[in-house]
Structure formats: structure tokens, C-alpha cells
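Participant: Okay, so the sequence shown: first residue is 2 according to the numbering used here, each after it adds one. Cβ atoms here follow ideal geometry from the backbone N, Cα and C, with glycine treated the same way.
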Amino acid sequence: MAKLLYSATMSLDGFIAGPGDDMSWLTEHLGPNPMIDGFIGEIGALLIGNRSFRGDDPHRGTDKAGEPFGGGWSGPQFVLTHHIPDTPVPGITFVGDLAGGVAAAKAAAGDKYVNIIGADVARQCLAAGLVDEMLVPIVPVLLGDGVRLFDHPGGSKVKLERLGLAEVAQATMLWLKVTG
Numbered sequence: 002m003a004k005l006l007y008s009a010t011m012s013l014d015g016f017i018a019g020p021g022d023d024m025s026w027l028t029e030h031l032g033p034n035p036m037i038d039g040f041i042g043e044i045g046a047l048l049i050g051n052r053s054f055r056g057d058d059p060h061r062g063t064d065k066a067g068e069p070f071g072g073g074w075s076g077p078q079f080v081l082t083h084h085i086p087d088t089p090v091p092g093i094t095f096v097g098d099l100a101g102g103v104a105a106a107k108a109a110a111g112d113k114y115v116n117i118i119g120a121d122v123a124r125q126c127l128a129a130g131l132v133d134e135m136l137v138p139i140v141p142v143l144l145g146d147g148v149r150l151f152d153h154p155g156g157s158k159v160k161l162e163r164l165g166l167a168e169v170a171q172a173t174m175l176w177l178k179v180t181g
């Protein structure tokens, strides 16, 4: 059965996107990463937040723009949104509610991971107790502002257990299990 995994590259000060959802900061940190390359083969489907789907791309201006993992992955994609477009987008299924999106993504993923992309959809999945694991590459940069990996006004504690830690290229890779 599919597991839900939240993966996002994070700055040392906790941001996954810069101010205004800018992803250009990430461009210089993209490159060969054996852990990510191996992990991509374990993804069966994507559950994507609408803001991430419509947002900036660290591969902007290259032939890899607009493709998951810069073209390193293809498969079923489910975008969680309150505004389902009238015109279909090839390869994308738009879903209007979290439970339906998670169920559809898990069914499509089979026994592989459903990779969550987007801080807000990840926060919703964490609040609902649906996230099984997290993969967080931490890169050596401070952004000072932007979209946090996890943001819950008023606070919320999510217990994690470290499953793995690795130093790869320009990142420290944390693999975590959500325990509560």
C-alpha cells in the first residue's frame, strides 16, 4: 500500500521557497544527488498543492521546466485545488478535496510513495495524520523569508523519528518517519 511522503529541499533557516514563492534560489543546488535519484524511482504518484502547481520552477528557462523533478519522473499527478479548471491539463487530475486527492493518489501509486509537493497540502496532510515519512534535503543557504517547510500559526507539534541521515553533494539529507 502506498505511503505518503512529504519531500522538499529546505534552506538552513527553514524555507522551501523564497519571498513571493520564488524558487530560483534552488537552481544552484540542483544537480547529481544519488539519494534523490534513487528515491525518484520509488514514487508512484504526486499530490501537488495548487500554489506549487501554478508557481515558480527552479528549472525555469531550461528544457527541464514544467516537469516533475526536472523531467526525472513521470506518472500520475493529482493537484489539490478549490478551483478546478474548465479546460483539462494533459497528465494532471484536479481534485477538490484532500480525502479524495489522497485516495486517488494512493490508488495510482500502488505500493510506491505518493510524493507531496507543496507546503500547504503537506500541512493539511500532517494535520489529518496522513503523512508517513518526510525527506528533507537541507542546503547551505539562508533565505530569511518565504514559505516555510511547515508553518502552523499558533503552533503544532509533529513528532518525527530519524530514519536516515546522509551528506550528499551540497545537501544534508534527512529521512524522517512521522510518529505523531
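Is the CB-CB distance between Val132 and Val90 below 7 Å?
Facilitator: By one-based count along the sequence shown, residue 132 stands at place 131. By one-based count along the sequence shown, residue 90 stands at place 89. No, Cβ-Cβ distance for Val132 and Val90 is not below 7 Å.
Participant: Let me know the secondary structure DSSP gives Gly102 once reduced to three states.
Facilitator: Taking the sequence shown and counting its residues from 1, one reaches residue 102 at position 101. Three-state DSSP puts Gly102 in a helix.
Participant: When burial is assigned at 16 or more other CB atoms within 10 Å of the CB, is Leu143 buried or exposed?
Facilitator: Within the sequence shown, numbered from 1, the residue matching residue 143 stands at position 142. Flag for Leu143 reads exposed.
Participant: Is the separation between the beta-carbon of Gln171 and that of His83 shorter than 7 Å?
Facilitator: Stepping through the sequence shown from its first residue, residue 171 is reached at position 170. Stepping through the sequence shown from its first residue, residue 83 is reached at position 82. No.
Participant: From which residue to which residue does the alpha helix (DSSP H) around Pro35 run?
Facilitator: Taking the first residue of the sequence shown as position 1, residue 35 is located at position 34. Unbroken alpha helix (DSSP H) run through Pro35: 35 to 41.
Participant: What residues match up with Val179 in a beta bridge as DSSP calls it?
Facilitator: Here residue 179 is taken as the residue at index 178 of the sequence shown, counted from 1. For Val179, which the question treats as bridged, DSSP gives the partners Leu161.
Participant: Per DSSP, Val80 is paired with what?
Facilitator: Along the sequence shown, read from residue 1 onward, the residue named residue 80 stands at position 79. Val80 pairs with Ile49, Phe95.
Participant: Tell me the DSSP secondary structure of Leu127 in three-state form.
Facilitator: Taking the sequence shown and counting its residues from 1, one reaches residue 127 at position 126. Leu127: helix per DSSP, three-state reduction.
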